[in-house]
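Asker: For reference, each letter of the sequence shown is one residue, going 12 to 103 in this note's numbering. Beta carbons are placed, not taken as given, at the ideal position from N, Cα and C, and that holds for glycine.
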Amino acid sequence: MATKTTFDFNNENITSGVQNIFKAVQDSKLTVSSSEGKQWLSIPLIFGLLIGIIFPFVAVIIVALVLLRVIKVTVEREIQDSINGQKAIDSK
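#1: In three-state DSSP terms, what is Ser-53?
#2: Please determine, among Ala-35, Thr-16, Phe-68 and Val-74, the residue with the shortest C-alpha to C-alpha distance to Arg-88.
#3: Label Gly-28 either buried or exposed according to how many other C-beta atoms from any shown protein chain fall within 10 Å of its C-beta, with 16 as the threshold for buried.
#4: Bridge partners for Ser-44 per DSSP, in chain order?
#5: Does the distance from the CB of Val-86 to the CB of Leu-56 come in under 8 Å?
#6: According to the Cβ coordinates, are Ser-46 and Val-81 closer than 8 Å?
#7: For Gln-50, which of Phe-20, Lys-83 and Ile-90 has the nearest alpha-carbon?
#8: Could you give the distance in angstroms between the alpha-carbon of Lys-40 and the alpha-carbon of Thr-26?
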């Protein structure tokens, strides 16, 4: 017997989805480090996105440096552990 799953698009679903995306972006930070592990830059993700939008050549240079394995770019977000109330870092 097949199970049917439905998802309704309405104002509440769209609004809560957008709010969750903004919250995730606000809670994240962008870290640029060398391939040896020395951290060069750590900024909120929203500033990194704005820099990439305003100065797209910076984003192209960063992608090239990542492909050449000169730098390492990580996005980190602290998540609240609902069981113990402790914070953990979610690195992507």
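Answerer: By the coordinates alone:
#1: strand
#2: The alpha carbon of Arg-88 has as its nearest neighbour, out of Ala-35, Thr-16, Phe-68 and Val-74, the alpha carbon of Ala-35.
#3: exposed
#4: Per DSSP, the beta bridge partners of Ser-44 are Gln-50 and Lys-83.
#5: yes
#6: yes
#7: Lys-83
#8: Their Cα atoms are separated by approximately 23 Å.
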